[in-house]
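Report on the structure given below.
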Amino acid sequence: MNDSLHLWLIPLLPFAGFLFNGTLGRKLPKAFVTAIALLAPLASFAVVLNAVRSGTGSLVLPHVETHGTWINAGLLHIDFSFVLDQLSLIMLLVVTGVGFLIHIYSAGYMAHEDGYWRYFAYLNLFLFFMTLLVLAGNALLMFVGWEGVGLASYLLIGFWFQKTSAADAGKKAFIVNRIGDVGFLIGMFLLLATFGSLTFSEIAAKLAANPNLTGGILTTTALCLLIGATGKSAQLPLYVWLPDAMEGPTPVSALIHAATMVTAGVYMIARTHVLFDRSPFALGIVAIVGAATALFAATIGLVQTDIKRVLAYSTVSQLGYMFLGCGVAAYSAAIFHLMTHAFFKALLFLAAGSVIHGLGGEQDLRKMGGLRKKLPITFWTMTAAVFAIAGFFPLAGFFSKDAILYEAFQHGDSGKVLWFIGVVTALLTSFYMFRLWYLTFFGESRNPDVHPHESPWSMLAPLTILAVLSIAGGWIGIERFGAFLSPVLGPVADPASLSGGKQLDYVLSIIAVGVAALGWFVADRFYRQRPGSPARLAAAVPAGYKLLANKYFVDEIYSFAIVKPILGLSKYLLEWVVDVAILGGVAWLLGGTASLGGALLQRWQSGNLRSYAAWLTLGAAALLLFVLVPWASVLAGLGIHIAMAGH
Amino acid sequence: MNPFVQALQQGVPLSLYLLLSAVLFALGVVGFLIKRNLITVFMSIELMLNAVNLSFVTFAHQWHAVKGQIFVFFVMMVAAAEAAVGLAIIIAVFRARATLAVDRIDLMKL
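If you read the sequences in order, they're chains A and B.
Mapped onto this note's numbering, the consecutive letters of the first sequence carry residue numbers 1050 to 1696.
Mapped onto this note's numbering, the consecutive letters of the second sequence carry residue numbers 553 to 662.
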């Protein structure tokens, strides 16, 4: 019997912080708000660390803590159960650890904002839902967290709600996520219909007990869950909300839209991987979606001029990598990449935030340049992140990206194609990251009006810690990482036992580093040695450049194919026909009848006492008449016979 | 001998009481409807109440039932209360409007 680890504290501490700051924060001094907001995730992180300590000791994983029944109706039985296993442990470490660092950073970044208390209340709320999502022992509880992080994301994207673009971006994120959530919901209904349960462990047990259970229903369920995952994790075709989500404050982009929330889709697929394992078709779709997204987003990232948008498309692209990993059943590699990506992408965003902060809100790469000397710590930490994401040995990104590419290569014939797309994406990634690096930090300042200043220590400390993690985060190696996760995600194949053996692994690694170096080299030529050449290249292929700069016109296509028809339908059919004509007409008819009746009856109430008296007397006379006149016989006399009740 | 007097010697018959009650009630109704002075209207109402009281006691006597008489007490009590309240209202109205013509007290409408 395990001792209780008080897992409920992990989500509830940030929730308490949210309630406190959300209700009282407005009236409290800033330092107090900051203390509460930072203590909540720190305490959660401490609880997680305690769980890690127990996990490496006597604790038996998975460790389940159930806090009563939520729903008990017929076949449906759902508990408030939290599950701590190797997978949720890793996720919790990332969420609370990186989350805490970003809370510290936010204290510096948001110091001069009006809605300081509101910002931290939302951030704590996000951590509550995210940890709930990760800890949930069943799909419904996970869905609560899933929706909750969507809400927190919406609130934080629209944090500067006076700005129309921010408010619109928040709405876009919420609505696009809703489309994915429908898939998740239907997937849950199918799970319930197939297995009679939403508890992950029960579903896995039932699948294991029925080795012949395959085919249509599982594929459909898996595809529905995949739709949910594409919404939350910004994959094709639902990725469009993530680049716009950059309207939110930069630490939010780092925490929610790079490190944690957007990886929820990957986590969900890993959590339900038993389902995907039974359906090669669904798994193939996951791989295709991942590979397509990785390449697609990377090409857009090449030409973006907003520093945060480059990073946003990079995030979409890297999430595509994780999906690619899931799609070739390399769940451990995907989670490994999730973790390292959380480190270096959070760092990239935070460093970009530091640059933006130092330049007084400037986000346009074309107006930066020459910041290497002015922002030295930001420069060095960002350099670590750029080299990590580009996949240079021995930084974190190298190990995880290599693991995914290797597993893809080993995944049959189609795997070679996936591997090739992955390598091309790696090349593009390396190019656009070094492009960003050169444009921001090298050359001469292209905007002489600004006087950049290095950020306060509260922002630089998280940068430094994340830089260390971006460098060293991958050293654990996929073998050990996979072995740790294998009780949950299944064993990882040993390279030595596969075709090609260890040598193939080395060859692939060298190719991966080679393309990263090539990307660096090209970026160096373009943006350091010959600064005029990108413009010439763009002028040489104007159509291609326009296509990329306008993000393949996907937003325009969606607007034309989906948004406009729905708006038209709403306006002409729903508003004019249904609302104005039908509902309005009925309301007008009812109201008119009542007011006409009122106007007529109003005359009755004349205020004249004697007319009232007359009506009173008339009424009494009528009653008297009714009682005294033998109506039955009068009518009988007229030839009408009434059947008397009771006679 | 006059048959009417003969009948009276055997006691006043029921129908005469009821006839008297009906006549009084009808007078009350007519007064209620046609009089303009609020006090007269009020008195007409009292007249109607007492006409009803008369028929109550008549029937009570006829059927040897005490209920009718009890009812009369109730009616008298209510009439007394009503007289007190009603007269107070009339005085208040007169103070405010300096008139007791019911046709001119017609502000209680929309």
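All residues carry an ideal CB built from backbone N, CA and C; glycine is no exception.
It should be emphasised that the depicted structure is a prediction, and the values quoted were computed from it without experimental measurement.
> Is A:G1277 near A:F1345, with beta carbons less than 7 Å apart?
Replying inline: As a first step, residue 1277 of chain A is located in the first sequence; it is residue number 228 there, counting from the start. As a first step, residue 1345 of chain A is located in the first sequence; it is residue number 296 there, counting from the start. Cβ distance not < 7 Å, so A:G1277 and A:F1345 don't count as in contact.
>> Taking 7 Å as the threshold (beta carbon to beta carbon), is B:L560 in contact with chain A?
In response: Start at 1 with the first residue of the second sequence, and residue 560 of chain B comes out as number 8. It does not: the Cβ of B:L560 has no partner Cβ on chain A nearer than 7 Å.
> For A:Y1316, does the count of other Cβ atoms within 10 angstroms reach 16, so buried, or fall short, so exposed?
Replying inline: As a first step, residue 1316 of chain A is located in the first sequence; it is residue number 267 there, counting from the start. Per the 10 Å Cβ criterion, buried.
> Rounded C-beta distance between A:L1518 and A:T1427? I'm assuming under 8 Å.
Replying inline: As a position in the first sequence, residue 1518 of chain A is number 469, starting the count at 1. As a position in the first sequence, residue 1427 of chain A is number 378, starting the count at 1. So it is not a contact: roughly 17 Å between Cβ atoms.
>> Give me the subset of the stretch 1634-1668 of chain A whose CB atoms are less than 8 Å from a CB atom of chain B, sorted by chain position.
In response: Q1651, Q1654, S1655, G1656, N1657, L1658, R1659, A1662, A1663, T1666
> Taking 7 Å as the CB-CB cut-off, is B:V654 touching chain A?
Replying inline: Taking the second sequence and counting its residues from 1, the one referred to as residue 654 of chain B is at position 102. At least one chain A Cβ lies under 7 Å of B:V654.
> Are the C-beta of B:L579 and some C-beta of chain A separated by less than 7 Å?
Replying inline: Position 27 of the second sequence, counting from 1, holds the residue named residue 579 of chain B. Chain A, which has no Cβ nearer than 7 Å to the Cβ of B:L579, makes this no.
> Should the stretch 1136-1147 of chain A be called in touch with the stretch 1564-1580 of chain A, which here means at least 3 C-beta pairs below 8 Å?
Replying inline: no
> If we cut at 7 Å on Cβ distances, does B:L571 have a partner in chain A?
Replying inline: As a first step, residue 571 of chain B must be located in the second sequence, where it is residue number 19. Output row for B:L571: interface = no.
> At least one CB of chain A closer than 7 Å to the CB of B:L585: is that the case?
Replying inline: Taking the first residue of the second sequence as 1, we reach residue 585 of chain B at position 33. It does: the Cβ of B:L585 has a partner Cβ on chain A nearer than 7 Å.
>> If contact is defined by three or more beta carbon pairs under 8 Å, each pair taking one atom from either stretch, is the stretch 1162-1169 of chain A in contact with the stretch 1254-1273 of chain A?
In response: no
>> For the alpha helix (DSSP H) containing A:F1441, name the first residue and the last one.
In response: Here residue 1441 of chain A corresponds to residue number 392 of the first sequence, with the count starting at 1. Per DSSP, A:F1441 belongs to no alpha helix (DSSP H) and is neither H nor E.
> Taking the runs of the alpha helix (DSSP H) that are 4 residues or longer, which of them lie wholly in the stretch 1426-1504 of chain A?
Replying inline: 1445-1458, 1461-1490
> A:F1469: which of A:M1482, A:I1453, A:F1480 sits nearest, CA to CA?
Replying inline: Residue 1469 of chain A sits at position 420 when you count from the first residue of the first sequence. Nearest of A:M1482, A:I1453, A:F1480 to A:F1469, Cα basis: A:I1453.
> The beta strand (DSSP E) with A:I1127 in it runs from where to where?
Replying inline: Taking the first sequence and counting its residues from 1, one reaches residue 1127 of chain A at position 78. From DSSP, the beta strand (DSSP E) with A:I1127 extends over 1125-1133.
> Of all the options A:E1196, A:D1293, A:P1497, A:L1136, which has the alpha carbon lying nearest to the alpha carbon of A:E1411?
Replying inline: In the first sequence, the residue the question calls residue 1411 of chain A occupies position 362. When each option's Cα is compared against that of A:E1411, the closest is A:P1497.
>> Check this for me: beta carbons of A:F1392 and A:G1593, under 7 Å apart or not?
In response: Here residue 1392 of chain A refers to the residue found at position 343 when the first sequence is read from its first residue. Here residue 1593 of chain A refers to the residue found at position 544 when the first sequence is read from its first residue. No, they are not a contact pair.
> Where DSSP assigns a beta bridge to B:N589, which residues make up the other side?
Replying inline: Stepping through the second sequence from its first residue, residue 589 of chain B is reached at position 37. In DSSP, B:N589 forms a bridge with B:A653.
> For A:Q1284, which residues of its own chain have a beta-carbon under 8 Å away from its beta-carbon, when the five flanking residues on both sides are left out?
Replying inline: By one-based count along the first sequence, residue 1284 of chain A stands at place 235. So the list reads A1278, G1314, V1338, G1339, T1342, V1365, L1368, G1369, F1372, once near-sequence residues are dropped.
> Closest to A:D1293 by CA distance: which of A:I1615, A:V1603, A:K1076, A:G1492 is it?
Replying inline: Within the first sequence, numbered from 1, the residue matching residue 1293 of chain A stands at position 244. It is A:V1603.
> Going along the chain, which residues of its own chain have a beta-carbon closer than 7 Å to the beta-carbon of B:V609, five neighbours each way excluded?
Replying inline: Taking the second sequence and counting its residues from 1, the one referred to as residue 609 of chain B is at position 57. These residues qualify, in order along the chain: G620, Q621, V624.
>> Let me check understanding here. Comparing Cα to Cα, which of B:T651, B:K587, B:V564 lies closest to B:Q614?
In response: Walking along the second sequence from the start, residue 614 of chain B turns up at place 62. Per the Cα distances, B:V564.
> Candidates A:F1175, A:L1077, A:F1325, A:L1241: which alpha carbon is nearest A:L1124's?
Replying inline: Here residue 1124 of chain A is taken as the residue at index 75 of the first sequence, counted from 1. It is A:L1241 whose Cα lies nearest to the Cα of A:L1124.
> By Cβ distance, which residues of its chain are closer than 6 Å to A:V1301, with the 5 residues on each side in sequence left out?
Replying inline: Mapped onto the first sequence, residue 1301 of chain A falls at position 252. L1205, listed in sequence order.
> If you scan the stretch 1619-1670 of chain A from start to end, which runs of the beta strand (DSSP E) of 3 or more residues do you find wholly inside it?
Replying inline: none
> Quick one: Cα of A:A1516 to Cα of A:Y1158, how far?
Replying inline: Working through the first sequence from its first residue, we reach residue 1516 of chain A at position 467. Working through the first sequence from its first residue, we reach residue 1158 of chain A at position 109. In a straight line, the C-alpha of A:A1516 is about 18 Å away from that of A:Y1158.
> Does the beta-carbon of A:S1682 have 16 or more other beta-carbons within 10 angstroms, so that it is buried, or is it exposed?
Replying inline: On the first sequence, position 633 is the one that residue 1682 of chain A refers to. A:S1682 is exposed by the Cβ-count criterion.
> From A:L1658 to B:K587, what does the alpha carbon distance come to, in whole angstroms?
Replying inline: Residue mapping note: residue 1658 of chain A aligns to position 609 of the first sequence, counting from 1. Residue mapping note: residue 587 of chain B aligns to position 35 of the second sequence, counting from 1. Distance between the alpha carbons of A:L1658 and B:K587: 11 Å.
> For A:L1184, which option in A:L1150, A:G1207, A:E1503, A:L1141 has the closest C-alpha, if you only look at C-alpha atoms?
Replying inline: Here residue 1184 of chain A corresponds to residue number 135 of the first sequence, with the count starting at 1. It is A:L1141 whose Cα lies nearest to the Cα of A:L1184.
> Between which two residues does the alpha helix (DSSP H) containing A:G1207 stretch?
Replying inline: Along the first sequence, one-based indexing puts residue 1207 of chain A at 158. Note, A:G1207: premise wrong, no alpha helix (DSSP H); not H, not E.
> In chain order, what residues of the same chain have a beta carbon less than 6 Å from the beta carbon of A:L1174, not counting five sequence neighbours either side?
Replying inline: By one-based count along the first sequence, residue 1174 of chain A stands at place 125. The answer, listed in chain order, is F1067, A1201.
>> Along the chain, where does the alpha helix (DSSP H) containing A:G1686 start, and where does it finish?
In response: Here residue 1686 of chain A is taken as the residue at index 637 of the first sequence, counted from 1. Element bounds for A:G1686: 1680-1686.
> According to DSSP, is A:Y1057 helix, strand or coil?
Replying inline: For the purposes of this step, residue 1057 of chain A is identified with residue 8 of the first sequence, where counting begins at 1. According to the sequence shown, residue 1057 of chain A is Trp rather than Tyr. Note: A:W1057 maps to coil in three-state DSSP.
> Secondary structure at A:E1114, three-state DSSP: helix, strand or coil?
Replying inline: Here residue 1114 of chain A corresponds to residue number 65 of the first sequence, with the count starting at 1. Reduced to three states, the DSSP call for A:E1114 is strand.
> Can you give, in chain order, each stretch of the alpha helix (DSSP H) that sits fully within the stretch 1326-1414 of chain A and has at least 4 residues?
Replying inline: 1329-1350, 1356-1376, 1380-1407
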